[in-house]
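Going letter by letter, the first sequence gives residues 1 to 852 in the UniProt record's numbering. Don't be surprised by glycine CBs; every beta carbon is placed ideally from N, CA and C. Predicted model only: the values in this text are computed from it and were never measured.
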Amino acid sequence: MTRYDPATIEAKWQKAWDDAGLFRAERDPSRPKYYVLEMFPYPSGRIHIGHVRNYTMGDVVARYKRSTGHNVLHPMGFDAFGMPAENAAMANGGHPKDWTYQNIDTMVGQMKPLGLSLDWSRMFATCDPEYYGQQQALFLDFLDKGLVYRKNAVVNWDPVDMTVLANEQVENGRGWRSGAVVERRELTQWFFRISDMADELLEALDGLDDWPAKVKTMQANWIGKSRGLQFSFGVVDAAHGHDRIEVYTTRPDTLMGASFVGISPDHPLAKELERHDPEVAAFCEKARQGGTTEEAIETAEKLGYDTGIRVRHPFDTSWELPVYIANFILMDYGTGAIFGCPAHDQRDFEFATKYDLPIIPTFEPLEGACPEGEAFVPMKSEKVRWIRGFGWDEEASGQDAVNAAIAFCEANGVGQGVTKFRLRDWGLSRQRFWGAPIPVVHCDSCGVVPEKKENLPVELPYDVSFDQPGNPLDRHPTWRNVSCPACGGPALRETDTMDTFVDSSWYFARFTAPEADTPTVAEDVDYWMNVDQYIGGIEHAILHLLYSRFFARAMHLCGHLPAKSKEPFDALFTQGMVTHAIFQTKDANGRPVYHYPEDVDLRDGRGFLKDGTEVEIVPSAKMSKSKNNVVDPVAIIGQYGADTARWFVLSDSPPERDVEWTAAGAEAAHKHLARVWRIAAEVAEASGEATVQGADEQLLREMHKAIRDVTLGVESFGFNAAIAKLYAFTNTLSKSQAGARAKREAAMVLAQLMSPMTPHLAEDVWAMLGGEGLITEARWPEADEAMMVEDSVTLPIQVNGKRRGEITVPKDMDQAEVEKAALAVDNVQRALDGAQPRKVIVVPGRIVNVVV
RNA sequence: GCCCGCGUGGUGGAAUGGUAGACACAGGGGACUUAAAAUCCCUAGGCCUUGUGCCGUGCCGGUUCGAGUCCGGCCGCGGGUACCA
């Protein structure tokens with residue numbers, strides 16, 4: 001008998017699958033289709049263990065579905081545009097294209113040995129002109145349908161490098177290269193009208209039964225539908241041509257507690273004042289400092305500037321409120337102006353305290369008084385006592401009061417109730433090179449003119465350099481100067497490229513016909529769509545998935561997807577990250593130095609470098625190149641084989657949770673696979689009958705239970721639970737006294753149950769035991785209920801909820817008998833200590849609880 | 001700041017509101033071996049008065065015959081926060 005030798009068998013079976021062309025997907029209306037997709041990777045240069053986990057989960061689903069008779073589509077591609085390629089070009093020279101395609105080559109070379117059941121013939125990268133040309137065609141169709149427009153929006157501006165920065169490139173409000181204080185600057189940009197679909201995107205979440213509830217909640221909160229009051233304050237003396245300030249509030253019930261009006265630094269009135277008043281201009285400049293992220297704006301110090309302008313309260317014209325310009329008010333949301341009620345909003349409270357503004361409560365708790373030193377902000381559903389309401393019950397919840405306030409205001413001619421969404425339109429313009437060019441030209445006489453479809457793709461030029469900041473397209477001598485598609489006169493090509501989220505918003509549809517000369521092909525999307533199971537990281541819960549949902553609708557409007565694909569992902573699973581400890585020491589300046597895991601010796605939970613220096617261990621950190629804690633799966637595969645890597649990433653941790661990579665875990669996984677192989681080899685050579693009465697039946701009963709539990713585990717993404725069951729069943733088989741025939745049957749089923757996770761080992765075991773054909777093509781086994789019946793059951797007995805004993809009774813014993821048997825147990829009597837049971841709860845087949 | 005998660009032995013984790021710690025790692029003990037590796041078997045939450053005893057699922061409180069699980073409030077960690085992908 002030889003030994004388990006993954007290097008040999010993995011190559012052998014991968015060749016067998018290839019030769020049989022098993023994973024090439026072809027339309028076949030006679031069979032049910034199944035489309036399983038993992039979020040495609042960014043070609044960073046090397047796969048990491050998180051990729052292995054993600055793709056292995058998808059592969060388990062794909063292989064399982066194949067074994068239940070489905071025609072499976074399981075494709076792979078690369079999300080290949082984006083900043084890292086440009087950063088590499090800036091740092092090391094070269095072209096982003098070369099860097100990207102080299103990385104893709106490397107990563108495909110690293111992925112192939114994993115034995116994933118992928119249809120590699122469908123592979124593409126989003127930076128292929130054949131892909132982004134079709135994306136440009138989609139853009140033109142969207143433009144035609146009025147789904148795209150231009151408007152001004154703020155970006156991070158680096159005043160030293162004279163360039164736009166990504167949020168990631170802003171560190172503590174400064175540009176990452178120049179170190180200059182970043183400012184928010186307006187630029188004309190392209191937008192998709194996603195906000196027109198806000199209500200539909202919200203409503204349709206209800207139909208996504210196989211999406212995680214948390215993702216739907218996050219999307220619903222992001223879309224942020226709110227009912228509120230829009231009204232205006234009259235300006236005293238109609239300063240600067242503005243006689244009214246329009247505000248939007250979701251808490252009109254607190255209007256009688258208003259103490260100031262705040263406007264955004266980008267509000268038209270603020271801009272008007274800025275032009276005439278250097279002091280206001282200086283304030284606005286300061287207020288615009290820092291990055292554009294919501295986080296930066298919300299956590300920045302709250303700054304206000306009293307404009308001196310006063311407005312009148314709508315219900316008391318003698319009551320005047322000051323108008324402040326405030327850095328925390330966004331022009332993008334509502335009207336860019338608010339009123340502040342410090343008594344019932346913590347942010348307003350802090351602002352009012354800082355600028356010495358009155359704090360006027362409109363309601364109090366039903367018992368006690370408002371808290372000192374902070375705003376009183378109860379849940380909207382909680383009832384409170386109103387002291388400055390206008391006309392509803394003295395005791396009412398915030399929610400009821402909001403509705404009553406809107407009705408009252410409308411009846412009195414103060415504004416109207418409106419529904420607003422937090423969701424903003426999707427800005428797709430990027431002032432960068434490495435993205436899909438936006439296919440329009442700017443003509444002096446015709447304005448913005450779409451490129452003709454026959455001229456697509458508008459391809460990125462190769463002769464560019466990255467030796468200065470900014471977009472090389474802006475300074476390209478010939479690429480930019482074109483003739484107008486409409487009038488033939490001189491024109492300039494648009495140099496903005498598309499957000500990479502556009503690339504990933506339709507790749508799943510393109511996989512159904514990756515080489516077509518239209519974005520999609522009707523027969524292919526009709527057959528293959530929707531994605532039956534989509535798998536990816538929780539970090540994409542909002543943006544990528546929401547944009548894809550929008551894109552699917554937009555593509556449907558343009559005839560590129562059927563109506564059923566408006567929601568393109570039938571089921572979604574979000575998996576956790578793979579983490580690894582960080583090993584760090586400090587350099588002379590106190591800055592952290594990160595060490596590779598292979599350079600650290602672990603002893604008793606402490607880590608030491610070769611020279612004996614102790615390192616600080618930061619547990620469970622997200623793997624990151626810059627922290628040197630990335631585990632390279634290629635080394636693991638080389639050492640133990642792909643099946644070990646696959647088995648390990650699935651075992652131990654529930655798929656939706658983060659998993660800590662440990663070298664010991666991989667070693668253990670390998671030992672187990674070697675053991676399965678050895679047991680199978682023994683079974684293959686065994687002969688004879690059972691040595692113990694009933695051993696065959698017992699083994700087969702356990703086998704059917706394993707089929708049931710593993711099938712359930714695979715179907716419900718309980719891969720770790722399925723693997724625990726497989727460990728247990730392996731132990732059962734190993735110790736079984738059953739005869740050769742029963743053992744052989746059990747071992748073959750074990751191989752089948754393992755085949756989605758460790759397909760090479762499974763093939764080898766299958767062949768060793770004389771299985772017919774490839775296990776990859778074998779039908780999934782079915783659990784036989786009749787084989788699993790047990791005739792007695794063990795029930796724990798509790799007294800007042802504490803376990804005091806157990807009884808084993810026939811399965812169908814009636815409750816009164818069970819109760820009697822339970823009370824007869826010695827230890828139960830001792831626990832009762834003479835007391836009379838008040839009640840005995842018998843949960844059939846589960847538990848008995850005696851209540852005293 | 002705001003939204004969404006997560007928190008169970010030395011470690012990863014299991015547990016439709018029903019025996020907390022399945023399965024595995026590391027540890028301890030043993031078998032086999034000249035020895036080692038490999039393999040196999042046993043053991044294993046904490047505490048003590050060793051009783052089928054007490055405590056125990058981040059902390060505090062609640063609902064329930066019964067809570068790791070449901071509810072409320074804290075603490076800690078992670079993801080997202082619209083130009084990282």
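Over the uninterrupted alpha helix (DSSP H) stretch that includes residue i, give me the two end residues.
{"i": "N720", "result": "719–735"}
{"i": "F351", "result": "346–354"}
{"i": "L73", "result": "Where L73 is concerned, there is no enclosing alpha helix (DSSP H), although the beta strand (DSSP E) it sits in stretches over 71–73."}
{"i": "F260", "result": "That residue, F260, is in no alpha helix (DSSP H); its beta strand (DSSP E) goes 260–263."}
{"i": "R646", "result": "642–650"}
{"i": "W13", "result": "6–20"}
Of all the options the options, which has the alpha carbon lying nearest to the alpha carbon of residue i?
{"i": "S117", "options": "W17, Q136, T644, H70", "result": "W17"}
{"i": "S565", "options": "T520, G537, K420, A666", "result": "T520"}
{"i": "E745", "options": "A686, F433, V714", "result": "A686"}
{"i": "Q289", "options": "R184, A680, A821", "result": "R184"}
{"i": "residue 881", "options": "N849, A343, L700, L357", "result": "Since the displayed the chain opens at 1 and closes at 852, residue 881 lies outside it and no answer follows."}
{"i": "A816", "options": "R177, P844, V160", "result": "P844"}
{"i": "A668", "options": "E656, D306, Y640", "result": "Y640"}
{"i": "residue 898", "options": "R701, Y727, Q698, E715", "result": "The first residue shown for the chain is 1 and the last is 852, placing residue 898 beyond what the model contains."}
{"i": "L147", "options": "G834, F550, K420, F376", "result": "F550"}
{"i": "L699", "options": "A747, A674, N87", "result": "A747"}
{"i": "E130", "options": "S504, L456, D826", "result": "L456"}
{"i": "L303", "options": "K286, H560, E367, V311", "result": "K286"}
{"i": "G228", "options": "P514, A238, I245, D253", "result": "D253"}
Please state whether the Cβ-Cβ distance between residue i and residue j is less than 9 angstroms.
{"i": "P437", "j": "P450", "result": "no"}
{"i": "V482", "j": "R475", "result": "no"}
{"i": "V851", "j": "V840", "result": "yes"}
{"i": "R741", "j": "D784", "result": "no"}
{"i": "I707", "j": "E777", "result": "no"}
{"i": "A642", "j": "L22", "result": "no"}
{"i": "D425", "j": "K151", "result": "yes"}
{"i": "T512", "j": "L73", "result": "yes"}
{"i": "I325", "j": "Y305", "result": "yes"}
{"i": "G415", "j": "A404", "result": "no"}
{"i": "N54", "j": "Q533", "result": "no"}
{"i": "A666", "j": "A645", "result": "yes"}
{"i": "F421", "j": "G291", "result": "no"}
{"i": "V531", "j": "H48", "result": "no"}
Between which two residues does the beta strand (DSSP E) harbouring residue i extend?
{"i": "E26", "result": "No beta strand (DSSP E) contains E26, which DSSP labels as neither H nor E."}
{"i": "L165", "result": "163–165"}
{"i": "K705", "result": "K705 -> not in any beta strand (DSSP E); alpha helix (DSSP H) instead, spanning 695–715."}
{"i": "V247", "result": "244–249"}
{"i": "V418", "result": "416–421"}
Can you say whether residue i is buried or exposed, counting buried as having 16 or more other CB atoms within 10 angstroms of its CB?
{"i": "C487", "result": "exposed"}
{"i": "G770", "result": "exposed"}
{"i": "R846", "result": "exposed"}
{"i": "G77", "result": "buried"}
{"i": "H276", "result": "exposed"}
{"i": "K65", "result": "buried"}
{"i": "G801", "result": "exposed"}
{"i": "P490", "result": "exposed"}
{"i": "M39", "result": "buried"}
{"i": "residue 861", "result": "Any answer about residue 861 is impossible in this case: the structure gives the chain only from 1 up to 852."}
{"i": "P358", "result": "exposed"}
{"i": "G257", "result": "buried"}
3 or more residues per run - each beta strand (DSSP E) lying fully within the stretch 193–236: 225–235
Which ranges does the alpha helix (DSSP H) cover as unbroken runs of at least 4 residues, wholly within the stretch 267–321, from first to last along the chain? 268–276, 278–287, 294–299
Those runs of the beta strand (DSSP E) which lie wholly inside the UniProt domain "Aminoacyl-tRNA synthetase class Ia" (424–580) and span at least 3 residues: 440–443, 447–450, 481–483, 490–493, 533–537, 572–575
Which whole runs of the alpha helix (DSSP H) in the stretch 729–809 are 4 residues long or more, in chain order? Qualifying alpha helix (DSSP H) stretches, in chain order: 740–754, 759–768, 785–788.
Secondary structure, alpha helix (DSSP H): runs of 4+ residues fully inside the stretch 812–849: 815–824, 826–832
Within the UniProt domain "Methionyl/Leucyl tRNA synthetase" (36–171), ranges of the alpha helix (DSSP H) (whole runs, at least 4 residues): 49–67, 83–92, 96–111, 129–144
In the stretch 325–412, which residue ranges form an unbroken beta strand (DSSP E) of at least 3 residues, counting only runs that do not cross its ends? 337–340, 383–386, 395–397
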